[in-house]
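S.K.: Numbering (our numbering), first residue to last: 183 to 391. Would you mind keeping the following structure in view while I ask a few things?
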Amino acid sequence: MTLDEITKTLVNLEADEITKKVKAELDAGTDPKKILKALTDGMNEIGELYEKKEYYLTELVLAGEMMKDTLKILGPKLKAEEYGRKEKIICATVRGDNHDIGKNILKLMLLSAGFEVIDLGKDCPENKIVKAVKKSGAKIVALSALLTMTIEEIAVVDKALKDAGLRDQVKLIVGGAPLDMEVAKKMGADDYAADAISGVRHIKALLEM
Ligand code: B12
Numbered sequence: 183m184t185l186d187e188i189t190k191t192l193v194n195l196e197a198d199e200i201t202k203k204v205k206a207e208l209d210a211g212t213d214p215k216k217i218l219k220a221l222t223d224g225m226n227e228i229g230e231l232y233e234k235k236e237y238y239l240t241e242l243v244l245a246g247e248m249m250k251d252t253l254k255i256l257g258p259k260l261k262a263e264e265y266g267r268k269e270k271i272i273c274a275t276v277r278g279d280n281h282d283i284g285k286n287i288l289k290l291m292l293l294s295a296g297f298e299v300i301d302l303g304k305d306c307p308e309n310k311i312v313k314a315v316k317k318s319g320a321k322i323v324a325l326s327a328l329l330t331m332t333i334e335e336i337a338v339v340d341k342a343l344k345d346a347g348l349r350d351q352v353k354l355i356v357g358g359a360p361l362d363m364e365v366a367k368k369m370g371a372d373d374y375a376a377d378a379i380s381g382v383r384h385i386k387a388l389l390e391m
């Protein structure tokens, strides 16, 4: 079996097959990060099919569920690589936005790099983020925004952190399909990364590690 097959199984929405194939690939000794990349490629393809109106919302929901099932299996494998750096990172998807697959992948990559992750989930209001920063002393807030409509929520979080006098102690990094560095900065973020792997690299740089 190849990693291509994993991508295809996801794109073809073979829900009964995907976890079996991921398990088989892990048993064969494949790097879990490579499997994750194959799945992410599949989700991107599914996004394109949705844009072309070949797939509809039902397909998106099913793909999301399949992806979640595979992350349950891959998560512990990625965690096993942990080497014990315990900086805290707060992760959340902004208010109004229920897309959490990208955020969950970032979380897994951060865990596998040895960070402690405080996951505030999806559709997360700014006051919950402010409270978590206060309580944890985290130096990084990593936000995901997938909808054009929810980009503004980044600015809302930036302002809430400023109002609480916490903005100087945290760096705000954002990601998600509708964003780029320019938009991210306009919304008050300190940084942007296009994918979870470079996201971890950027976070390390923000922490000057
Ligand atoms: C799966 C999906 C869904 C699933 C989400 C399941 C889930 N639990 O997440 C469901 C079916 C629920 C859904 C619902 C909707 N969706 Co939708 N969805 C998608 C789809 C196909 C894939 C998103 C995804 O998971 N991609 C795979 C992950 C791995 O990629 P990612 O999220 O971009 O994350 C990567 C990077 O961006 C980055 N990253 C992400 N976050 C962060 C954060 C940081 C800090 C860093 C550093 C990096 C980083 O790292 C990740 C991994 O490398 C996209 C299409 C697309 N091309 O993005 C549409 C898309 C985002 N959805 C869209 C829409 C319109 C909707 C709905 C409004 C549809 C509707 N009519 O109801 C609803 C909105 C619900 C809501 N309030 O949130 C539009 C948004 C258009 C826009 N620009 O606003 C898109 C772009 C599809 C389209 N072309 O029309 N959706």
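Ideal placement from N, C-alpha and C gives every residue a C-beta, glycine not left out. Small disclaimer: the values here were computed from a predicted structure and weren't measured.
What three-state label does DSSP hand residue 321 in the structure shown?
M.R.: Three-state result, residue 321: coil.
S.K.: Near residue 259, which residues of its chain fall below 7 angstroms by C-beta distance, leaving aside the five closest residues on each side in sequence?
M.R.: The residues are 208, 214.
S.K.: Check whether the Cβ of residue 338 sits closer than 7 angstroms to any heavy atom of the ligand B12, and report yes or no.
M.R.: Because no heavy atom of the ligand B12 lies under 7 angstroms away, the Cβ of residue 338 does not count as near it: no.
S.K.: Using only the alpha-carbon positions, how far apart do residue 185 and residue 220 sit?
M.R.: Using only the alpha carbons, I get a separation of about 6 angstroms.
S.K.: By Cβ distance below 8 angstroms, which residues in the same chain neighbour residue 225 in space, the five residues on each side in sequence not counted?
M.R.: The residues are 192, 245, 249, 283.
S.K.: Are the beta-carbon atoms of residue 333 and residue 361 separated by less than 8 angstroms?
M.R.: In contact: residue 333 and residue 361 (Cβ atoms closer than 8 angstroms).
S.K.: Compute the beta-carbon to beta-carbon distance between residue 312 and residue 348, rounded to the nearest angstrom, for a pair I have assumed lies under 8 angstroms.
M.R.: Contact holds; Cβ gap of about 7 angstroms.
S.K.: Could you tell me whether any non-hydrogen atom of the ligand B12 is closer than 7 angstroms to the CB of residue 222?
M.R.: Flag set: Cβ of residue 222 near the ligand B12.
S.K.: From residue 364 to residue 199, what distance separates their C-alpha atoms?
M.R.: Roughly 40 angstroms between the two C-alpha positions.
S.K.: Beta-carbon separation of residue 276 and residue 322 under 8 angstroms?
M.R.: No, they are not a contact pair.
S.K.: Below 8 angstroms between beta carbons: does that hold for residue 304 and residue 255?
M.R.: No, these two residues do not count as a Cβ contact at 8 angstroms.
S.K.: CB of residue 287 to nearest heavy atom of the ligand B12: below 7 angstroms?
M.R.: Yes, the ligand B12 has a heavy atom inside 7 angstroms of this Cβ.
S.K.: Can you look up residue 370 in the DSSP assignment and give me helix, strand or coil?
M.R.: Coil at residue 370, not helix or strand.
S.K.: Among the candidates 379, 342, 269, 375, whose CA atom is the shortest distance from the CA of residue 389?
M.R.: Of the listed residues, the one whose Cα sits closest to residue 389 is 269.
S.K.: Could you name the residues that DSSP lists as bridge partners for residue 271?
M.R.: According to DSSP, residue 271 bridges with 299, 322.
S.K.: Counting along the chain, where does the beta strand (DSSP E) carrying residue 356 start and finish?
M.R.: Start and end: 353-357.
S.K.: Tell me the residue span of the alpha helix (DSSP H) that contains residue 383.
M.R.: Note, residue 383: alpha helix (DSSP H), 378-388.
S.K.: Starting from residue 206 and walking both ways along the alpha helix (DSSP H), at which residues does that stretch end?
M.R.: Start and end: 197-209.
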